[in-house]
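Chains as they are written, first to last, in my numbering: chain E, 1 to 144; chain U, 1 to 536.
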């Protein structure tokens, strides 16, 4: 068990900020805002937060006027929006399978995207502020 | 004391979590199988739509399994049918990537599939359970040759990077040892009279005999190395013919090692209703079904059509679309009715005048991230060196699954396997990489199970479903909560518009969900059309 924990710490430490290498599921919990963007958000919102277009679109987060509201950004990360999955820990459920981000991580990634990619909002959102917002009601049911 | 209890339960929880992360894929797999997909397909045989009003028309959005099933049946029933499809091919998520195919994901990165002739991967669905009667029906009707899909291969691996020195274990050994040890324990409990309250004396005798048979126990009800046990878990040296043919029995793994490895979580992988033998795959790739449907429907499908607006009024439904090849020119299509099978993340962004309830339902379903990576190797080493013919290896590594081809056994030349099938946060991380990085990472991880990867790797393709331009995700993820709030609103006809697709089913993520939801929706649309008479 001790060995496993050490391995996880090593994996977290090696998670580089600007090259999205892989972080184990268990180590996701120690990623900071910038790392969360690079490892997770970037999958859809793309490098430089430029968004992408297909039959539908992923919004460009860069220079995004909606980001004036930190609650809008935090609620989106917590509960998802349209097809975007929720990342918040379901209310009244024990943490499981490391498939969620903590309130502190959500605060951190909200602060990161609101102060980068030509967004210049200075508000420093805290974990407590995120905790006070509605969280997802239940675990999602996964694939086959 | 309360305090003591709490710390005790916390450590148990931590232990279970740890097991969850060591044998992750198998555990999640099992959890998912038990989360409510075990419903028999409601497919009732060929649909019978009699008395279609003369001249009535239906516009279908999306040429995937749902859209093409509907188009096929509505055309037979006498409706005037037109289908608009975003891609330049039929099938939607029913899709096979073969050598020579090109695929451009959102963000603009293009992959050229360099597989040899006849080699392929199915980036989307890859198996059809025998009880998906709707899919079986259309495969037959379209003349699709089916091959067995080997869900369980006793000689494939269950692997944990944290157990047995990271050495993959054969499914056969894990299953035999787990079953044997559990049988021994239960026999012991029975003989120590621990079960007297729940099993009668007579039944205990039967139970003991059944445990001996089930677990390959010896005459003392012990699970120990023997010919009988080797006949389950395999021999140290297998029996043969002639001189030096005598077998050497193998030694079971100790119960403690087996329990702590977490590998037992992989044992029920073929026990879920959707995974039970027999399962099938179309010869030549899952995409054969979509392709055959496309040929069958021919000019009814207009490809490269991106829907930008859906409007209904008393006169019918008008859909505005752009040709993706020349997007400046907007065009429109009109019909009395509309069956919309557009995946919800896309549909949520298209202006459509439906009621608030359906609109809310469309926005309420997040779509799964999933990744599939196909790897071509210079030879079929999994067959030649490891005698694995088809089936799936499960691992706690981020690649989660390795799927071996269920066809072309012992053929010379190159081979393609599914190097990764990943979901959840791991899939999101792989999505954030370039396709080349994904392939490279998958080769790196997979080589921990098959060291031959390094020497034999040839080329690969990686499909990340969140970057699929036509669906923006793999499939809709419901919870019991969102089902209760939104499912009926999603499925109710709104004026002249009905929705269909796996997202409008209780067989989520399966093609059968798409087929049965389409049949259900057109049955109800038909009733409305008939009720409204000749001209809507």
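Where a beta carbon is used, it is the ideal one built from N, C-alpha and C, also for glycine. In this text the structure is predicted, and so the values were computed from the model without any measurement.
query, result
"Straight-line Cα distance separating residue 62 of chain E from residue 71 of chain U", "42 Å"
"Ordered list of beta strand (DSSP E) runs contained in the stretch 258-298 of chain U, each at least 3 residues", "279-282"
"Neighbour flag for residue 318 of chain U against chain E, beta carbons, 9 Å", "no"
"Straight-line gap, residue 137 of chain E to residue 89 of chain E (C-alpha atoms, nearest Å)", "9 Å"
"Expected contact under 8 Å - CB spacing of residue 184 of chain U and residue 138 of chain U to nearest Å", "About 48 Å separates the two Cβ atoms, so there is no contact after all."
"Start-end ranges of the alpha helix (DSSP H) lying completely within the stretch 125-197 of chain U, minimum 4 residues", "133-141, 171-191"
"Chain E residues whose Cβ lies nearer than 7 Å to that of residue 489 of chain U", "Within 7 Å Cβ-Cβ: nothing; residue 489 of chain U doesn't reach chain E, min ~16 Å."
"Complete beta strand (DSSP E) runs within the stretch 94-130 of chain U (minimum length 3 residues, chain order)", "102-104, 110-112"
"Test: residue 139 of chain E CB closer than 9 Å to a CB of chain U", "yes"
"Status (buried if at least 16 other CB within 10 Å, exposed otherwise) for residue 174 of chain U", "buried"
"Cβ-based contacts, 9 Å cut-off: residues of the stretch 467-479 of chain U near chain E", "467, 468, 469, 470, 471, 472, 473, 474, 475, 476, 477, 478, 479"
"With 16 other Cβ atoms within 10 Å as the buried cut-off, status of residue 242 of chain U", "exposed"
"9 Å Cβ cutoff met for residue 549 of chain U and residue 515 of chain U", "No statement about residue 549 of chain U is possible, as the shown extent of chain U runs from 1 to 536 and does not include it."
"Residue 312 of chain U in three-state terms, based on DSSP", "strand"
"Pair within 9 Å by beta-carbon distance, residue 350 of chain U and residue 397 of chain U", "no"
"Outcome for residue 266 of chain U when other beta-carbon atoms lying within 10 angstroms are tallied against a minimum of 16", "buried"
"Identified DSSP bridge partners for residue 422 of chain U", "U/371"
"For residue 124 of chain U and residue 87 of chain U, believed in contact at Cβ under 8 Å, the rounded distance", "Rounded, the Cβ-Cβ distance is 12 Å, inconsistent with contact."
"Residues in the stretch 26-40 of chain E having any Cβ partner in chain U nearer than 7 Å", "26, 28, 38, 39, 40"
"Within chain U, the residues that residue 102 of chain E reaches when beta carbons sit closer than 7 Å", "Ordered by position in chain U, no residue passes the 7 Å Cβ test against residue 102 of chain E, which lies about 13 Å from the chain."
"Contact set between residue 395 of chain U and chain E, taken where Cβ atoms lie within less than 9 Å", "Residues of chain E passing the Cβ test: none, with the nearest at roughly 13 Å."
"Minimum C-alpha distance to residue 457 of chain U - residue among U/489, U/422, U/464, U/418", "U/418"
"Best match in U/273, U/503, U/162 for proximity to residue 259 of chain U [C-alpha to C-alpha]", "U/162"
"Proximity test, residue 470 of chain U beta-carbon vs the ligand SAM heavy atom, cut-off 8 Å", "The model on display carries no ligand, and the ligand SAM is accordingly not part of it."
"Beta-ladder partner(s) of residue 61 of chain U, from DSSP", "U/84, U/340"
"Chain E contact for residue 148 of chain U (CB, 9 Å cutoff)", "no"
"C-alpha distance - residue 339 of chain U paired with residue 352 of chain U, whole-angstrom precision", "13 Å"
"In DSSP terms, what residue 537 of chain U is bridged to", "For residue 537 of chain U there is no data in the structure shown, the boundaries of chain U being 1 and 536."
"Residue-chain proximity (residue 310 of chain U, chain E), Cβ-Cβ < 9 Å", "no"
"Contact set between the stretch 89-113 of chain U and chain E, restricted to residues whose Cβ is under 8 Å from the partner", "106, 107, 108"
"Three-state class that DSSP yields for residue 321 of chain U in the structure shown", "strand"
"Proximal residues to residue 218 of chain U (C-beta, below 7 Å), its chain only, five neighbours per side dropped", "224, 226"
"Under 7 Å by beta carbon: chain U residues contacting residue 22 of chain E", "398, 429, 441"
"Member of U/228, U/202, U/201 whose CA lies at the smallest distance from the CA of residue 212 of chain U", "U/228"
"Option nearest residue 390 of chain U by Cα separation, candidates U/75, U/151, U/100, U/248", "U/151"
"Short CB-CB distance (under 9 Å) between residue 113 of chain E and chain U", "no"
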